[in-house]
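Under UniProt numbering, the first residue of the sequence shown carries the number 1, and numbering increases by one thereafter. All C-beta atoms in this analysis are idealised placements derived from N, C-alpha and C, irrespective of residue type, glycine included.
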Amino acid sequence: MTLVLDPFYLIVDNAAWVRRLVPLGVKLVQLRIKNESDAAIARQIREARICCEQHGAQLVVNDYWKLAIAEGCTFVHLGQEDLAGADLAAIRKAGMLLGVSTHDHSELDQALSAAPDYVALGPIFPTVLKQMPWAPQGLSRITEWKQLIGEIPLVAIGGLTIDRIPVVLDAGADSVAVVTDILRHPDPEQQTHRWIALTRIMG
């Protein structure tokens, strides 16, 4: 059975954002934490999982698949380096869904060899969040990726703003991931409402 992703995919860097924004109606959120101890990350995963369960949202844990399993989570997202070192059999044995990042054709081949539940492509547009070794993919790459992966859901990420939602979904993305357009917005709550409203119409 093919996974159906919510078209609005929020990515946050701590559990406080989960508690703040998920109650607004967010149904799909990734917790992407960097540079903290395993104990601190486990605690935040636990807090985020409880919040998501209370509000009917799907929590995706970035990278820390062992902690995600230990904390009873059901979804993990892996970058290419983490995918190479992950125990996919253990992830599947735990009943977890798997999303994988891709940036070029060789990475897509690697991702598909892991039988992912979704594939992410990025950066679609220039992004200020972090230095990327890859050029922006553009809208045509979204269409190409969707043709290559078929029914597997495609998540577009990188430089996405509310104004770009329609063209990205029209190009073939099933879900649009956002970080800075919400987390660095002067009114994150209001911007979250806007994203939810537009993706529900378009998705």
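Rank the options by C-alpha distance to the C-alpha of residue i and give the top, closest one.
{"i": "V76", "options": "A16, L139, I11, N35", "result": "I11"}
{"i": "A173", "options": "W145, D117, S101", "result": "W145"}
{"i": "E189", "options": "D13, V26, V4, L5", "result": "V26"}
{"i": "A70", "options": "A39, I149, G150, T161", "result": "A39"}
{"i": "R19", "options": "N35, R46, T102", "result": "R46"}
{"i": "V100", "options": "V179, A94, T161, W65", "result": "W65"}
{"i": "S106", "options": "L148, A94, M96", "result": "L148"}
{"i": "L98", "options": "T74, H185, S37", "result": "T74"}
{"i": "A94", "options": "G79, S140, E151, G72", "result": "G72"}
{"i": "Q58", "options": "R92, M96, G79, Q80", "result": "M96"}
Can you list, in chain order, the residues of its chain whose CB lies under 8 Å from that of residue i, leaving out five sequence neighbours each side?
{"i": "I142", "result": "L121, I124, L154, A156, V168, A171, G172, A173"}
{"i": "L160", "result": "I124, F125, V168, V176, A177, V178, D181"}
{"i": "Q44", "result": "N14, A15, L31, I33, E36"}
Determine, using beta carbons only, whether residue i and residue j come nearer to each other than 7 Å.
{"i": "V42", "j": "A15", "result": "The question names Val, but residue 42 in the sequence shown is Ala. No, the Cβ-Cβ distance between A42 and A15 is not below 7 Å."}
{"i": "D6", "j": "L28", "result": "yes"}
{"i": "D104", "j": "L3", "result": "no"}
{"i": "R194", "j": "I162", "result": "yes"}
{"i": "A68", "j": "L88", "result": "no"}
{"i": "I196", "j": "F8", "result": "yes"}
{"i": "A111", "j": "T102", "result": "yes"}
Report all residues from its chain with a CB closer than 7 Å to the CB of residue i; omit the five preceding and five following residues, and keep chain order.
{"i": "T192", "result": "L21, L24, V26, I182"}
{"i": "G203", "result": "P7, L169"}
{"i": "H185", "result": "Q191"}
Between residue i and the rest of its own chain, which residues show a CB-CB distance below 6 Å, the 5 nearest in sequence each way excluded?
{"i": "P136", "result": "P123, F125, P126"}
{"i": "N62", "result": "Q30, R32, H77"}
{"i": "L198", "result": "I165"}
Less than 6 Å separating the Cβ of residue i from some heavy atom of the ligand NAD?
{"i": "E189", "result": "Of ligands this structure carries none, so the ligand NAD is not represented either."}
In chain order, each alpha helix (DSSP H) run of at least 4 residues that lies wholly inside the stretch 148-196: 165-171, 180-183
Continuous alpha helix (DSSP H) assignments of at least 4 residues falling wholly in the stretch 60-141: 65-70, 80-85, 88-93, 105-113
Any 3 or more C-beta pairs closer than 8 Å across the stretch 151-167 and the stretch 109-122: yes
At least three beta-carbon pairs within less than 8 Å, the stretch 42-56 to the stretch 79-87: no
Secondary structure, alpha helix (DSSP H): runs of 4+ residues fully inside the stretch 11-36: 15-21
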